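Asks: Heads up: the sequence shown at position 152 corresponds to 232 in the working numbering, and the numbers run straight through without jumps.
Ideal Cβ positions, reconstructed from N, Cα and C, are used throughout, including at glycine.
Model, not experiment: these values are computed from the prediction.
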Amino acid sequence: MTKSREVRLMKRPVGAPTRDLFEIATVDVPEPAPGEVQVRNRWMAVDPAMRGRMSDAKSYVPPFELNKPMEGGAIGEVITSNDAEFKAGDIVFSRLGWREVFNAPASALKVRDCSELPQQAHLGFAGITGLTAYVGLFDVAGLKDGDVVFVSAASGGVGSTVCQMAKLKGHKVIGSAGGARKAAFLKETLGIDEAIDYKAEPSLTKALARAAPEGIDVNFENVGGDHLQAALAVANFHARFALCGMISVYNSTEPPAAPRNLMQAVVKSIRMQGFIALNYMHREDQFLRDVTAWHKAGKLELAETVYEGVDHSLDAFFGLFSGENLGRMLVKLS
Numbered sequence: 081m082t083k084s085r086e087v088r089l090m091k092r093p094v095g096a097p098t099r100d101l102f103e104i105a106t107v108d109v110p111e112p113a114p115g116e117v118q119v120r121n122r123w124m125a126v127d128p129a130m131r132g133r134m135s136d137a138k139s140y141v142p143p144f145e146l147n148k149p150m151e152g153g154a155i156g157e158v159i160t161s162n163d164a165e166f167k168a169g170d171i172v173f174s175r176l177g178w179r180e181v182f183n184a185p186a187s188a189l190k191v192r193d194c195s196e197l198p199q200q201a202h203l204g205f206a207g208i209t210g211l212t213a214y215v216g217l218f219d220v221a222g223l224k225d226g227d228v229v230f231v232s233a234a235s236g237g238v239g240s241t242v243c244q245m246a247k248l249k250g251h252k253v254i255g256s257a258g259g260a261r262k263a264a265f266l267k268e269t270l271g272i273d274e275a276i277d278y279k280a281e282p283s284l285t286k287a288l289a290r291a292a293p294e295g296i297d298v299n300f301e302n303v304g305g306d307h308l309q310a311a312l313a314v315a316n317f318h319a320r321f322a323l324c325g326m327i328s329v330y331n332s333t334e335p336p337a338a339p340r341n342l343m344q345a346v347v348k349s350i351r352m353q354g355f356i357a358l359n360y361m362h363r364e365d366q367f368l369r370d371v372t373a374w375h376k377a378g379k380l381e382l383a384e385t386v387y388e389g390v391d392h393s394l395d396a397f398f399g400l401f402s403g404e405n406l407g408r409m410l411v412k413l414s
């Protein structure tokens with residue numbers, strides 16, 4: 081038997097989650113059964129979307145089970161295999177994060193080539209985070225020459241990747257984030273054209289209008305609320321909005337007050353489309369070719385905040401909602 085620690089959801093939150101809803105349990109992991117593989121996780125991702133799975137509302141993925149380990153993207157190393165497709169030492173992706181060691185059927189794992197990319201890149205710009213940015217920007221928003229791009233939550237995992245992808249294609253990029261530290265990260269590390277510290281602005285709409293006097297053509301929406309309202313106000317005719325997430329309402333118990341100007345979508349003939357990256361897995365091969373080439377050329381870099389150990393995985397989760405992360409939020413497990 082191998083000892084493993086795992087994070088469990090014990091009760092469903094109402095509003096913002098609190099630490100008393102979780103526990104870290106120690107379990108014994110037996111030898112893998114026929115057709116199974118035993119994996120030790122090396123890295124796990126922490127996503128805002130995990131908040132949605134803590135509720136039991138119907139969604140595109142099932143909710144977390146109570147008193148069971150939570151799930152999320154992870155990169156691990158095969159310890160021992162009872163399946164011919166895998167061997168000890170293979171680096172694999174799974175959706176079985178939030179635990180140190182696990183057994184799983186071979187079908188739950190995908191080998192990842194880490195000869196050209198760091199392991200954790202497969203949870204960042206070369207993982208579902210990067211695919212979300214890629215298809216949202218190029219497929220959903222239909223990025224075109226000369227577009228001015230506005231990204232909300234631009235210092236987060238998806239947002240920071242969108243910013244880099246739009247910049248390497250030669251576009252003017254405006255990003256919003258909360259706090260001077262994040263605004264500096266957007267300008268100095270990601271190299272975007274204009275960074276808005278929305279916490280320092282009495283009017284986000286006016287701040288965006290100053291940053292984009294020519295208007296915006298693409299809005300990559302991660303926040304919703306006042307950010308979506310500002311984007312609608314400053315958008316050009318025939319702008320395209322890729323609706324990726326709305327973190328401003330994830331912990332809300334009441335409907336949001338904004339946007340109050342949704343009629344602008346009609347007046348300006350704006351196309352707004354929500355999307356989920358899992359519906360674009362047919363684009364994965366081309367996406368991986370592109371991001372690998374961009375990284376090797378020095379045009380796409382890791383943007384990450386790393387916590388150490390499963391004991392700090394909840395610190396990482398709560399840090400997402402208090403705005404502690406720059407780039408992708410990760411936990412290094414071993």
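Expressed to the nearest angstrom, what Euclidean distance is found between the alpha-carbon atoms of ALA137 and VAL107?
Replies: Translated into the one-based positions of the sequence shown, residue 137 becomes position 57. Translated into the one-based positions of the sequence shown, residue 107 becomes position 27. If you take the alpha carbons of ALA137 and VAL107, they lie about 29 angstroms apart.
Asks: Going residue by residue through the segment 179-266, where are the continuous alpha helix (DSSP H) segments of at least 4 residues, counting only ones entirely within it?
Replies: Listed in chain order, the complete alpha helix (DSSP H) runs (minimum 4 residues) inside the segment 179-266 are 208-215, 237-248, 260-264.
Asks: Any idea what DSSP makes of ILE327, helix, strand or coil?
Replies: Looking up residue 327 in the sequence shown gives position 247. Three-state DSSP puts ILE327 in a helix.
Asks: Taking 8 angstroms as the threshold (C-beta atoms), are VAL220 and ALA322 in contact?
Replies: The residue given as residue 322 occupies position 242 in the sequence shown. The residue given as residue 220 occupies position 140 in the sequence shown. Yes; because the gap between Cβ atoms is below 8 angstroms, this pair is in contact.
Asks: Which stretch, first to last residue, makes up the alpha helix (DSSP H) that contains VAL314?
Replies: One-based indexing of the sequence shown puts residue 314 at position 234. Its alpha helix (DSSP H) spans residues 306-314.
Asks: Give me the DSSP bridge partner(s) of LEU410.
Replies: As a first step, residue 410 is located in the sequence shown; it is residue number 330 there, counting from the start. Bridge partners of LEU410: ALA125, VAL386.
Asks: Would you kindly report the start and end of the unbroken beta strand (DSSP E) that includes THR160?
Replies: Looking up residue 160 in the sequence shown gives position 80. Unbroken beta strand (DSSP E) run through THR160: 154-161.
Asks: Grouping DSSP H, G and I as helix and E and B as strand, with all else coil, what is PHE401?
Replies: Along the sequence shown, read from residue 1 onward, the residue named residue 401 stands at position 321. PHE401 falls in the helix class under three-state DSSP.
Asks: I'd like the span of the beta strand (DSSP E) that includes MET352, first residue to last.
Replies: In the sequence shown, residue 352 corresponds to position 272, counting from 1. Run containing MET352: 351-354, per the beta strand (DSSP E) assignment.
Asks: Candidates THR212, ILE350, GLY250: which alpha carbon is nearest TYR360's?
Replies: Residue numbering aside, residue 360 sits at position 280 when the sequence shown is read from its first letter. If we check each option's Cα against that of TYR360, THR212 comes out closest.
Asks: Can you tell me whether THR98 is buried or exposed, with buried defined as 16 or more other CB within 10 angstroms of its CB?
Replies: Translated into positions along the sequence shown, residue 98 becomes position 18. THR98 is exposed by the Cβ-count criterion.
Asks: List the endpoints of the continuous alpha helix (DSSP H) containing ALA291.
Replies: Mapped onto the sequence shown, residue 291 falls at position 211. Counting along the chain, the alpha helix (DSSP H) containing ALA291 begins and ends at 284-291.
Asks: Classify PHE173: buried if its beta carbon has 16 or more other beta carbons within 10 angstroms, exposed otherwise.
Replies: What you label residue 173 is simply residue 93 of the sequence shown in a count that begins at 1. That one is buried.
Asks: Hey, how far is the Cα of ARG92 from the Cα of GLU294?
Replies: Position 12 of the sequence shown holds residue 92. Position 214 of the sequence shown holds residue 294. Approximately 46 angstroms, taken between the alpha carbons.
Asks: At the level of alpha carbons, what is the spacing between ASN316 and ASP297?
Replies: Locating residue 316 in the sequence shown gives position 236, counting from the first residue. Locating residue 297 in the sequence shown gives position 217, counting from the first residue. Distance between the alpha carbons of ASN316 and ASP297: 6 angstroms.
Asks: Would you tell me roughly how many angstroms separate the C-alpha atoms of VAL141 and PRO149, rounded to the nearest one?
Replies: As a first step, residue 141 is located in the sequence shown; it is residue number 61 there, counting from the start. As a first step, residue 149 is located in the sequence shown; it is residue number 69 there, counting from the start. Those two C-alpha atoms are separated by around 16 angstroms.
Asks: Out of MET81, VAL87, LYS83, which has the shortest C-alpha to C-alpha gap to SER393?
Replies: On the sequence shown, position 313 is the one that residue 393 refers to. Of the candidates MET81, VAL87, LYS83, the one whose C-alpha sits nearest the C-alpha of SER393 is VAL87.
Asks: May I have the straight-line CA-CA distance separating ASP227 from ALA289, to the nearest angstrom?
Replies: Position 147 of the sequence shown, counting from 1, holds the residue named residue 227. Position 209 of the sequence shown, counting from 1, holds the residue named residue 289. Taking the straight line from one Cα to the other gives about 15 angstroms.
Asks: Between LEU413, PHE367, SER235, LYS190, which has its C-alpha nearest GLU268's C-alpha?
Replies: For the purposes of this step, residue 268 is identified with residue 188 of the sequence shown, where counting begins at 1. Ranking the options by Cα distance to GLU268, first place goes to SER235.
Asks: Does SER393 come out as helix, strand or coil in the three-state DSSP assignment?
Replies: Mapped onto the sequence shown, residue 393 falls at position 313. The answer is helix: DSSP assigns SER393 an H, G or I state.
Asks: Closer than 8 angstroms, CB to CB, is SER84 near chain D or not?
Replies: Among the chains of the structure shown, chain D does not appear; only one protein chain is present.
Asks: Answer with buried or exposed for LEU358, where buried requires no fewer than 16 other C-beta atoms within 10 angstroms of its C-beta.
Replies: As a first step, residue 358 is located in the sequence shown; it is residue number 278 there, counting from the start. With fewer than 16 Cβ atoms within 10 Å of its Cβ, LEU358 is classed as exposed.
Asks: Helix, strand or coil for ASN341, going by three-state DSSP, please let me know.
Replies: Within the sequence shown, the letter at position 261 stands for residue 341. Of the three classes helix, strand and coil, the one that applies to ASN341 here is coil, per DSSP.
Asks: Here's the rule: buried if 16 or more other CB atoms are within 10 angstroms of the residue's CB, otherwise exposed. What is ARG261?
Replies: Here residue 261 refers to the residue found at position 181 when the sequence shown is read from its first residue. Exposed, since its Cβ has fewer than 16 Cβ neighbours within 10 Å.
Asks: LYS167 by DSSP, collapsed to three states: which one?
Replies: In the sequence shown, counting from the first residue as 1, residue 167 sits at position 87. The answer is coil: DSSP assigns LYS167 none of H, G, I, E or B.
Asks: Note the first and the last residue of the continuous beta strand (DSSP E) segment covering LYS83.
Replies: To locate residue 83, count along the sequence shown from 1; it is residue 3. Element bounds for LYS83: 82-89.
Asks: Which residues in the same chain have their Cβ closer than 7 angstroms to the Cβ of PRO198, if we skip the five residues on either side of it in sequence?
Replies: Against the sequence shown, residue 198 aligns to sequence position 118. Around PRO198: LEU382.
Asks: Closest to ALA377 by CA distance: which of GLY169, MET245, ALA184 is it?
Replies: What you label residue 377 is simply residue 297 of the sequence shown in a count that begins at 1. If we check each option's Cα against that of ALA377, MET245 comes out closest.
Asks: Just to check my reading of the structure: VAL109 and PHE182 have Cβ atoms closer than 8 angstroms, yes? What is that Cβ distance to the nearest angstrom?
Replies: Sequence index remark: in the sequence shown, residue 109 carries index 29 (1-based). Sequence index remark: in the sequence shown, residue 182 carries index 102 (1-based). Indeed, because the Cβ distance is near 7 angstroms, the residues count as touching under 8 angstroms.
Asks: What is the DSSP secondary structure of ARG363, reduced to helix, strand or coil?
Replies: Locating residue 363 in the sequence shown gives position 283, counting from the first residue. It is helical.
Asks: Please report how far the alpha carbon of GLU116 lies from the alpha carbon of GLN344, in whole angstroms.
Replies: Mapped onto the sequence shown, residue 116 falls at position 36. Mapped onto the sequence shown, residue 344 falls at position 264. Roughly 54 angstroms between the two C-alpha positions.
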